[in-house]
Amino acid sequence: MSVYTSKADILRLLSDIEIRISAAEKTLTQAVRCCQAEAEEIRQEKLSRLEEEARELHVCIDDLFLTDRRKKDLPRVCRIS
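Take 1 as the starting number for the sequence shown in the UniProt record's numbering and just add one per residue.
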């Protein structure tokens, strides 16, 4: 016993598959864009933190070269022994 599938049925199935693949591709593209945006946001946050830490480190290094008299004027938290 053989099952006959018409050309029209096969074309309809292929069309359905194409539609599903296209929808999946759009979903994947949206997900990739979302991940890229999130990764960029995280990168910017990390960069901002690093820049702030670099500024603080620069201030601490500058404080190392202050005269003892000027060191007394600094807040206790910033003093470096």
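Ideal placement from N, C-alpha and C gives every residue a C-beta, glycine not left out.
Secondary structure at residue i, three-state DSSP: helix, strand or coil?
i   : result
L66 : coil
I61 : helix
Where residue i and residue j are concerned, what is the direct C-alpha to C-alpha distance, given to the nearest angstrom?
i          : j   : result
T5         : V32 : 38 Å
E25        : R43 : 26 Å
E45        : A39 : 10 Å
residue 97 : T29 : With the chain covering 1 to 81 only, the question about residue 97 has no answer from this structure.
D63        : E52 : 17 Å
L13        : T27 : 21 Å
Is any heavy atom of the ligand FMN found at a distance shorter than 7 Å from the C-beta of residue i?
i   : result
T27 : Although the ligand FMN was asked about, the structure shown includes no ligands whatsoever.
Establish whether the CB of residue i and some CB of chain B are separated by less than 8 Å.
i  : result
Y4 : Any reference to chain B falls outside this structure, which holds one protein chain only.
> Taking only runs of the alpha helix (DSSP H) that begin and end inside the region 6-37, which ones reach a length of at least 4 residues, in chain order?
Replying inline: none
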